[in-house]
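Taking the working numbering, I'd label the letters of the sequence shown as residues 86 to 224.
See structure below.
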Amino acid sequence: MTMLENGKKPFDNTRFSCCHCLISDSFQQDGATCHIARATIDLLKDTFGDRLISRFEPVNWPPRFCDLTPLDYFLWGYVKSLVYAGKPQTLDHLEDNIRHVIADIRPQMLKKVIENWTSRLDYIRASRGSHMPEIIFKM
C-alpha cells in the first residue's frame with residue numbers, strides 16, 4: 086500500500102519497461118486475505134479503477150490458482166533458475182542477479198507466456214475448472 090500511496094505503480098520503472106506493454110495499468114493480485122482488506126481494496130480501486138483483478142471484485146480471480154497465475158507458473162521458477170545458476174555469495178550479488186534476470190526478459194518471451202496463459206484458460210474452461218497436470222510444466 087505504501088508504494089501506491091506514494092504514487093508509485095508496480096512496474097513503473099525502466100527496468101520493467103519490457104513488461105509495460107503487456108500489463109499496462111491493470112493490477113492483479115493473489116487474493117490472499119491481507120490483500121483484500123477493505124483499505125487495500127479501496128486504494129487499489131482508486132488507483133486502477135475497473136482494471137483491478139482481485140477476489141470479490143468485478144474482475145474476480147480465485148485465490149491461490151497457480152495454474153492461471155503467470156507469476157507462479159512462469160516467473161518465479163524462471164528467475165530462480167537463472168539467479169542461482171551464478172551461485173551468488175552475497176546479498177548484493179543475489180540482488181544484482183535478480184535485477185539482471187528481470188531486465189533481460191524480452192517482449193517475445195512475455196508474449197509466449199500470455200499465449201500459454203490463454204491455452205490454460207481454454208483448458209480450464211473445457212475441463213470445468215480442474216487442474217492441468219498434462220500441461221502445467223510446458224511453456
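Even glycine gets a Cβ: it sits at the ideal position worked out from N, Cα and C.
Between Arg-140, Gly-134 and Arg-136, which has its C-alpha nearest Cys-119's C-alpha?
Ranked by Cα distance from Cys-119, the options Arg-140, Gly-134 and Arg-136 are led by Arg-140.
Could you tell me the distance, in whole angstroms, from the CA atom of Asp-181 to the CA atom of Thr-175?
Looking at the two C-alpha atoms, the distance is approximately 10 Å.
In whole angstroms, what is the alpha-carbon distance linking Pro-155 and Val-198?
Distance between the alpha carbons of Pro-155 and Val-198: 7 Å.
Residue range of the unbroken alpha helix (DSSP H) whose run includes Phe-133
In the DSSP annotation of this structure, the continuous segment of the alpha helix (DSSP H) that includes Phe-133 starts and ends at 123 to 133.
Cα separation between Leu-107 and Ile-209?
Reliability of the predicted coordinates at Leu-107 is poor, the pLDDT of 39 falling under 50, and the value obtained from them is presented with this limitation in mind. Their Cα atoms are separated by approximately 22 Å.
Pairs of beta-carbons, one from the region 161 to 177 and one from the region 127 to 143, closer than 8 Å: are there three or more?
Note that the region 161 to 177 does not touch the region 127 to 143; fewer than 3 beta-carbon pairs, one per stretch, sit closer than 8 Å.
Just reading off the alpha helix (DSSP H) that Ile-187 is part of, what are its end residues?
Run containing Ile-187: 176 to 188, per the alpha helix (DSSP H) assignment.
Bridge partners - Val-144, DSSP secondary structure assignment:
In the DSSP assignment, Val-144 forms a beta bridge with Ile-138.
Are the beta-carbon atoms of Leu-153 and Trp-202 separated by less than 8 Å?
Judged by their CB atoms, Leu-153 and Trp-202 are nearer to each other than the 8 Å cut-off.
Alpha-carbon to alpha-carbon, Ala-124 and Gly-162:
Using only the alpha carbons, I get a separation of about 31 Å.
Arg-213 to Arg-205, Cα distance in whole Å?
Rounded to whole angstroms, the separation of the alpha carbons of Arg-205 and Arg-213 is 12 Å.
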